[in-house]
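Let me begin by presenting the structure, written as C-alpha cells, before commenting on it.
Residue numbers (the working numbering): 49 to 278.
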C-alpha cells in the first residue's frame with residue numbers, strides 16, 4: 049500500500065512538472081508573439097505618421113515653389129526644389145528596409161549608423177550603454193527618430209567629417225549626446241534645418257525629456273537629450 053502511494057505521488061509529481069513546463073512554454077511563446085506584434089504595430093504607426101509629415105512638408109514646399117516661380121524668383125524656387133529632393137531622399141533612406149524588430153535598440157542604432165556612415169562618408173564614433181528596460185517600445189521609436197533627424201541635419205548642413213553618439217542609461221534616467229565637427233548651428237538659416245530642430249524638440253517633449261542644441265567650443269554642434277526618472 050505504502051509503495052503504491054509512493055509511486056502514485058512520484059507519478060503525479062512528474063506529470064505535474066511536465067504539464068507545468070508545457071504550459072510555461074505556451075505562455076512564453078504567446079507573450080513573445082504579443083510583444084513582437086506590439087512592436088511591429090508601433091513601427092507601422094510611426095511610419096504612417098512620418099508619411100503624413102512628409103506629405104504635408106512636400107505639399108507646403110510645392111506651394112511655395114509655385115509662388116516663387118510665378119514671381120520669377122528662381123533662386124528661392126531652386127532652394128524649395130532642393131528641400132523637396134532632400135526630404136524625399138531622406139524618407140527613402142529611412143523607410144527602404146522592412147520593419148523588422150531586432151533584439152535591442154543598441155543593435156538597430158549601430159546598424160543604421162553603419163549604413164549612414166557608408167553612404168555619407170562621415171566617420172561615426174559610437175558609445176552606447178543601454179540597460180534592458182530603459183525604454184518602452186514607443187520610447188525607442190522616438191529616441192531612434194531623434195537620432196535619425198540629428199544625423200540627417202549633419203548630412204545636409206554640417207559638412208562634417210566626423211560625428212559621435214553616446215547613449216548612457218542608468219536607474220536615474222538616460223542621456224543621449226550627438227556631436228559633429230562641422231560648421232555649427234548658426235551658419236545656416238535654412239528653414240528645413242529649423243524644421244528638423246523643431247521635430248526633435250517635439251519628440252523630446254513626448255519622451256518627457258529635455259533637448260539642448262549648442263555650438264561646441266572648437267567647432268561643430270552638440271545635441272543633448274536628457275531624461276530623469278522620477
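By construction, the Cβ of each residue, glycine as well, lies at the ideal position given by its N, Cα and C atoms.
With 16 other Cβ atoms within 10 Å as the buried cut-off, status of residue i
i	result
residue 237	Residue confidence for residue 237 is low, a pLDDT of 48 falling below 50, so the modelled location carries little weight and cannot support an answer.
residue 228	buried
residue 183	buried
residue 199	buried
residue 230	buried
residue 73	exposed
Span of the beta strand (DSSP E), counted from its first residue to its last, around residue i
i	result
residue 276	269–276
residue 159	Counting along the chain, residue 159 falls outside any beta strand (DSSP E), though it belongs to the alpha helix (DSSP H) covering 153–168.
residue 176	171–177
residue 227	221–228
residue 211	210–218
Supposed close pair residue i, residue j - CB separation, criterion 8 Å
i	j	result
residue 194	residue 261	The Cβ separation is near 11 Å, so there is no contact.
residue 215	residue 176	5 Å
residue 232	residue 267	7 Å
residue 171	residue 162	About 11 Å separates the two Cβ atoms, so there is no contact after all.
residue 217	residue 178	5 Å
residue 190	residue 254	6 Å
residue 112	residue 156	The Cβ separation is near 35 Å, so there is no contact.
residue 244	residue 197	5 Å
residue 188	residue 224	Rounded, the Cβ-Cβ distance is 12 Å, inconsistent with contact.
Limits of the alpha helix (DSSP H) - the one that residue i falls within
i	result
residue 187	185–201
Which of helix, strand or coil DSSP assigns to residue i
i	result
residue 244	helix
residue 265	coil
residue 110	helix
Neighbour flag for residue i against chain B, beta carbons, 8 Å
i	result
residue 244	This model lacks chain B altogether, as it is built from one protein chain only.
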